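Shown next, in structure tokens, is the structure this report addresses.
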Amino acid sequence: MSFINYSSREINCKIVYYGPGLCGKTTNLQYIYNKTSSEAKGKMISLATETERTLFFDFLPLSMGDIHGFKTRFHLYTVPGQVFYDASRKLILKGVDGVVFVADSQIERMEANLESLDNLRENLEEHGFDLDKLPYVVQYNKQDLPNAAPIEELKNLLNPTNVPDYPAIATTGEGVFQTLKAVAKLVLLELKKKR
Amino acid sequence: MDVLYVEEYQAIQNVVERLYRDSNSMAVLLIDKNGQEIASAGQIEELDTTSLSSLTAGNVAATGGIAKLLAEKEFTGQTHEGEHTNIHITIVAQRIILVVLFDQHTSLGLVRLRVKKASKELEGILDSINSKTQQPSQPSIFEEITDDDIDNLFNDD
Chain A
1 MSFINYSSRE INCKIVYYGP GLCGKTTNLQ YIYNKTSSEA KGKMISLATE TERTLFFDFL
61 PLSMGDIHGF KTRFHLYTVP GQVFYDASRK LILKGVDGVV FVADSQIERM EANLESLDNL
121 RENLEEHGFD LDKLPYVVQY NKQDLPNAAP IEELKNLLNP TNVPDYPAIA TTGEGVFQTL
181 KAVAKLVLLE LKKKR
Chain B
1001 MDVLYVEEYQ AIQNVVERLY RDSNSMAVLL IDKNGQEIAS AGQIEELDTT SLSSLTAGNV
1061 AATGGIAKLL AEKEFTGQTH EGEHTNIHIT IVAQRIILVV LFDQHTSLGL VRLRVKKASK
1121 ELEGILDSIN SKTQQPSQPS IFEEITDDDI DNLFNDD
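Residue numbers (our numbering), protein chains in the order written: chain A, 1 to 195; chain B, 1001 to 1157.
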């Protein structure tokens, strides 16, 4: 849940990167971390296994500039993508303000994408959220791989509600900041709408 | 908590500072269950309070998940002992997390005692924040912010 502090003049929001295992959620955050100036970011925390698979979450605090003297601060989280970490995924969605679904564009990962998308919807519902009402964007990652499905097909399958979506190559950063900016903007617009 | 006004912030800050002094601890941190820092006192210059807040909230969420599996409502308190620093974590009013970092200059007993008193005071303040945010007349920063302002924030390239 967003947190507006009138004393420190800060607007704090939480964005969660969701998606199947190995789709590139952590890579998105790592790219953002590497390309952001040190005054705009805090430490990136990765709670990962010895083989660098996300165990609980990655966390990156980021400042995105001031509006009317209020600092906008975004806390970016990733969830562990592997199916059996569902209990942890649920915990991280608590209090979320905006969601990025990172899809793996490879044809053979389509079932995993769909399963993760269903899981996202279910887990949000448990927290009383409706994905269709939440600031939400989709990213089609790994566009550089030869077995990537065509964008149109990805759109049809993974973005039936036609939310903003972006092709991406998280390893080189293509589409990474577009995705982040799009969801951050939706979050602020939604906050404004609610007041 | 989603909005914190100056007046209540000051009241919370006072409680946190008093707890820091009365418990003879190293630092006190108040964070919400989503990992946002609300207030802090003590020796925090060397401390990455943002990371500490996020990790503590994750820890509390995971412990809460374990409680649920065991059909417990929640584990309200936990303590971790280190070689030099100990950490005491309590949940206040089921909503916010009070963290006390302490060393050998005090005892867990004293920390617990002071935390109990501070928790009661914080509960009162939280109640007043709750009733205040429910009043529609409260001014909001978002009244001044236009959609264009939000657009401009992201138009730097």
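Beta carbons are placed, not taken as given, at the ideal position from N, Cα and C, and that holds for glycine.
Values in this document were obtained by computation on a predicted structure and should not be read as measured data.
- B:Ile-1066: member of the alpha helix (DSSP H) spanning 1049-1069, first to last residue.
- Sequence-distant partners of B:Val-1060 (beyond 5 residues in either direction) whose C-beta falls short of 6 Å from its own C-beta, in its chain, are Ile-1097.
- Neighbourhood of A:Met-110 in chain B, by CB distance below 8 Å: empty, with the nearest CB roughly 30 Å away.
- DSSP places B:Leu-1098 within a strand segment (E or B) once states are collapsed to three.
- When Cβ pairs closer than 8 Å are counted between the two stretches, the region 56-76 of chain A is seen not to touch the region 102-121 of chain A, the count staying below three.
- Taking 8 Å as the threshold, the shortest C-beta distance from A:Arg-121 to chain B does not fall below it.
- Neighbours of A:Asn-28 in chain B, taken as residues at a C-beta separation under 8 Å, are lacking, since the least C-beta distance is about 17 Å.
- Among the residues facing chain A, B:Gly-1109 is not included, as its CB has no counterpart in that chain under 8 Å away.
- In chain order, Ala-103, Ser-105, Leu-154, Pro-167 place their CB closer than 6 Å to the CB of A:Tyr-140, counting only its own chain and leaving out the 5 sequence neighbours on each side.
- In the structure shown, the three-state DSSP call for B:Ser-1128 is helix.
- Here B:His-1088 is buried. Its C-beta has 16 or more other C-beta atoms within 10 Å.
- The continuous beta strand (DSSP E) containing B:Ala-1039 extends over residues 1037-1042.
- Judged by DSSP secondary structure, A:Tyr-31 falls within the alpha helix (DSSP H) whose first and last residues are 25-35.
- From the beta-carbon of A:Pro-61, the residues of chain B found nearer than 7 Å are Thr-1050.
- Interface with chain B (8 Å Cβ-Cβ cutoff): A:Lys-43 is included.
- Along the region 181-195 of chain A, going in chain order, the ones with a CB nearer than 9 Å to a CB of chain B are Lys-181, Ala-182, Ala-184, Lys-185, Leu-188, Leu-189, Leu-191, Lys-192, Lys-193, Lys-194, Arg-195.
- For B:Gly-1109, the secondary structure class from DSSP, reduced to helix, strand or coil, is helix.
- With a threshold of 8 Å between beta carbons, A:His-68 makes contact with chain B.
- For A:Ala-87, the secondary structure class from DSSP, reduced to helix, strand or coil, is helix.
- Per DSSP, A:Ala-112 is not a residue of any beta strand (DSSP E); the alpha helix (DSSP H) it occupies stretches across 110-126.
- A residue is called buried when at least 16 other Cβ atoms come within 10 angstroms of its Cβ; B:Glu-1037 meets this threshold and is buried.
- Residue range 136-141 is occupied by the beta strand (DSSP E) that includes A:Asn-141.
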